[in-house]
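S.K.: Chains as they are written, first to last, in the numbering used here: chain A, -9 to 264; chain B, 422 to 718. There's a structure below that I have some questions on.
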């Protein structure tokens, strides 16, 4: 995988990428609803974050250097990282969520037998902050652009897992998807090979099995996902497809947290459809 | 000759050989064997635990640790007694006599031991779980052979015999990943139920600790004397149970006050009614304010 320095070069004119801060200098970044202030001291990095409830805010703002004295001093927003000696390089790199995300279609629908459809899922990115001058800078913090609430996905309250609940719905057309520099689009192919219709109210997207890609127009994508309900009815096959052609030429930013070899078949439909 | 400084190792080994083969110092030998044996038993146990610590769960590791130690200890005791010159055949003979007495005396211990084995097999809870037994809530510290130890939330140690646990009903508060919180609320009859429901749902949507699914439930339990009894159920991760329960009551109270809602509370309204000649009056009380003309006292 490319180093952070190489990845940073992809994000020209965007908020993501490499920054330099001198000692006692700070910067301010606004990524939609998230505001980040980062101050560099001799042996300390101080990170102050605040996320608003405006999930559709697309404001992007960078101010480096920033007036350190005006950084908010609320302790619940502040995290301090102490090191032996700080270096001037700082990286803001986008990343995918650390858990699966549960998405609802705009309205629940049935997928008839032997039919297939496509959905576009728009999920929020996380911001990873790396520091250091070496080829492998150190990760010091990971922040969601906005907080997603937790949700339970499973057939009952004793079987399932904790996931994030997406704030946006799954759409059938890409042109209806709200694009922004802090969201990622996943194209999902849904196929129903069983003899009866499949009711789709919720879909669990295993984001940790996906890689993150960056398009030249600044939009982020993952590889497409194929969810296929098998003929037996209760089995679901999950596999990864190629990167969507709608993204054009894409460059990979991060690899999957949990790489998937080929596909997996779940014997229980409820692990991916709810 | 093997020398360590001015010390001759061969001579030392020879001396030790004479010492341990001689019958003159049997008691001393036995004591030395016992002391060294205990140290070796502890060392052996530590080595076994270290080798297995990544392969076994905490609970089973504790059992293996105790098993290794006690078995080693028994071997050390037998060797020490033999070294002391005790004829073990006599001991075994005497043991037969004592077995009956010991059997009666250790009924409870044997029962606890067997109950402990059942607990290991059935695994209704593990070390680290929070359980409630006979009104005592606490975190399971260890599941030993004879008893289970809990640490209560105010930091007391509670020892529960395994036999009691097997026989009694207990609740494992942390077995499943999520838990439901039931908030019992009362709404004054004069208030709008739907408005109250929307306010509660808004509070939930603003609280990250609440799970989106399973969805919150708004259930009317009944029409009580002072107001409508409501159960509002929300779900959260098991580790957030106590925190969220308190937080939700606080947030609901704030929202109720901000929105000027009336919460039901036990109260009496006394009404004085005058007859036509204004000579006699009738007093009565009821919890709901009268709609027609009467003077409220």
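Virtual Cβ for every residue (Gly too), placed ideally from N, Cα, C.
Taking residue 457/B as the reference, which of 500/B, 433/B, 605/B, 472/B has the closest Cα?
M.R.: The candidate whose alpha carbon is nearest that of residue 457/B is 500/B.
S.K.: With 16 other CB atoms within 10 Å as the buried threshold, where does residue 576/B fall?
M.R.: Answer is exposed; the Cβ neighbour count stays below 16.
S.K.: Report the partner residues of residue 53/A according to the DSSP bridge assignment.
M.R.: The partner list for residue 53/A (beta bridge, DSSP) reads 18/A.
S.K.: Can you name the start and end residues of the beta strand (DSSP E) that residue 204/A belongs to?
M.R.: It spans 202 to 205 - the beta strand (DSSP E) in which residue 204/A sits, taken as one unbroken run.
S.K.: Alpha carbon to alpha carbon, what distance is there between residue 663/B and residue 595/B?
M.R.: One C-alpha to the other measures close to 12 angstroms.
S.K.: Does the CB of residue 637/B have a neighbour CB from chain A at under 8 angstroms?
M.R.: Taking Cβ atoms only, chain A never reaches closer than 8 angstroms to residue 637/B, which makes this a no.
S.K.: Which residues in the same chain have their Cβ closer than 6 angstroms to the Cβ of residue 69/A, if we skip the five residues on either side of it in sequence?
M.R.: Correct list, in chain order: 37.
S.K.: For residue 23/A, list the residues DSSP reports as bridge partners.
M.R.: Answer is none; residue 23/A lacks a bridge partner.
S.K.: What residue range does the beta strand (DSSP E) around residue 691/B cover?
M.R.: Per DSSP, residue 691/B belongs to the beta strand (DSSP E) from 690 to 695.
S.K.: By Cβ distance, which residues of its chain are closer than 7 angstroms to residue 505/B, with the 5 residues on each side in sequence left out?
M.R.: Here the set comprises 447, 448, 451.
S.K.: Examine chain B for any beta-carbon lying closer than 8 angstroms to the beta-carbon of residue 142/A, and answer yes or no.
M.R.: Chain B contact via Cβ: present.
S.K.: Label residue -9/A either buried or exposed according to how many other C-beta atoms from any shown protein chain fall within 10 Å of its C-beta, with 16 as the threshold for buried.
M.R.: Caution applies to residue -9/A, whose pLDDT of 43 falls short of 50 and renders its modelled position unreliable; the value that the coordinates give is listed next. By the neighbour-count rule (16 or more Cβ atoms within 10 Å), residue -9/A is not buried but exposed.
S.K.: As a quick exercise: from 574/B, 483/B, 581/B, pick the residue whose alpha carbon is nearest that of residue 536/B.
M.R.: Among 574/B, 483/B, 581/B, the Cα nearest to that of residue 536/B is on 581/B.
S.K.: Does any C-beta atom of chain B lie closer than 8 angstroms to the C-beta of residue 87/A?
M.R.: Residue 87/A does not count as touching chain B.
S.K.: Specify, as a first and last residue, the run of the alpha helix (DSSP H) that residue 560/B falls within.
M.R.: Unbroken run through residue 560/B is the beta strand (DSSP E), 557 to 564; no alpha helix (DSSP H).
S.K.: Which residues, in order along the stretch 577 to 601 of chain B, keep a beta-carbon less than 9 angstroms from a beta-carbon of chain A?
M.R.: Cβ contacts with chain A: 596, 597, 598, 599, 600, 601.
S.K.: Take the Cβ of residue 688/B as the centre, count every other Cβ of all protein chains shown within 10 Å, and call the residue buried at 16 or more, exposed below.
M.R.: Exposed.
S.K.: Per DSSP, what kind of secondary structure is residue 521/B in: helix, strand or coil?
M.R.: Residue 521/B falls in the helix class under three-state DSSP.
S.K.: Can you pull out the residues from the stretch 643 to 669 of chain B whose beta carbon lies closer than 7 angstroms to at least one beta carbon of chain A?
M.R.: Against chain A - using a Cβ distance shorter than 7 angstroms - the residues of the stretch 643 to 669 of chain B are 656, 658.
S.K.: DSSP on residue 472/B, reduced to helix/strand/coil?
M.R.: Residue 472/B falls in the helix class under three-state DSSP.
S.K.: In chain A, which residues lie less than 8 angstroms from residue 604/B when you measure between Cβ atoms?
M.R.: Within 8 angstroms Cβ-Cβ: nothing; residue 604/B doesn't reach chain A, min ~18 angstroms.
S.K.: Pull up the distance between the alpha-carbon of residue 489/B and that of residue 222/A, whole angstroms please.
M.R.: Roughly 50 angstroms separates the two Cα atoms.
S.K.: Please name the residue, chosen from 469/B, 430/B, 541/B, that lies closest to residue 568/B on a Cα-to-Cα basis.
M.R.: It is 541/B whose Cα lies nearest to the Cα of residue 568/B.
S.K.: The ligand ZN heavy atoms versus the CB of residue 229/A: any closer than 7 angstroms?
M.R.: As for the ligand ZN, it is missing from this structure, which has no ligand bound.
S.K.: Express the C-alpha separation of residue 600/B and residue 545/B in angstroms, rounding to a whole number.
M.R.: Residue 545/B and residue 600/B: Cα-Cα distance of roughly 17 angstroms.
S.K.: Beta-carbon of residue 46/A versus every beta-carbon of chain B: anything under 8 angstroms?
M.R.: Chain B contact via Cβ: absent.
S.K.: With three or more C-beta pairs closer than 8 angstroms as the rule, is the stretch 203 to 211 of chain A touching the stretch 119 to 139 of chain A?
M.R.: Counting Cβ pairs under 8 angstroms, fewer than three are found: no touch.
S.K.: Can you tell which of 185/A, 114/A, 26/A, 146/A has the C-alpha that lies nearest to the C-alpha of residue 154/A?
M.R.: Ranking the options by Cα distance to residue 154/A, first place goes to 114/A.
S.K.: Quick one: list the residues of chain A neighbouring residue 575/B, beta-carbon separation under 7 angstroms, in chain order.
M.R.: Per Cβ cutoff of 7 angstroms: no residues; residue 575/B is ~28 angstroms from chain A at best.
S.K.: What residues in its chain sit with their C-beta under 7 angstroms from that of residue 465/B, if we drop five residues either side in the sequence?
M.R.: 489, 493, listed in sequence order.
S.K.: Is it true that the stretch 40 to 50 of chain A meets the stretch 21 to 28 of chain A, where meeting means three or more beta-carbon pairs spaced less than 8 angstroms apart?
M.R.: Yes, the stretch 40 to 50 of chain A touches the stretch 21 to 28 of chain A.
S.K.: What is the DSSP secondary structure of residue 660/B, counted as helix, strand or coil?
M.R.: If DSSP states are grouped into helix, strand and coil, residue 660/B belongs with the helices.
S.K.: How long is the line joining the alpha carbons of residue 617/B and residue 147/A, rounded to whole angstroms?
M.R.: Taking the straight line joining both Cα atoms gives about 27 angstroms.
S.K.: Under 9 angstroms between beta-carbons, which chain A residues line up against residue 629/B? List them in chain order, please.
M.R.: Within chain A, the residues near residue 629/B are 137, 138, 139, 140.
S.K.: Run through chain B and tell me which residues come within less than 9 angstroms of residue 155/A, C-beta to C-beta.
M.R.: Chain B residues near residue 155/A: 632, 633, 634.
S.K.: Which two residues bound the contiguous beta strand (DSSP E) that contains residue 480/B?
M.R.: Where residue 480/B is concerned, there is no enclosing beta strand (DSSP E), although the alpha helix (DSSP H) it sits in stretches over 479 to 504.
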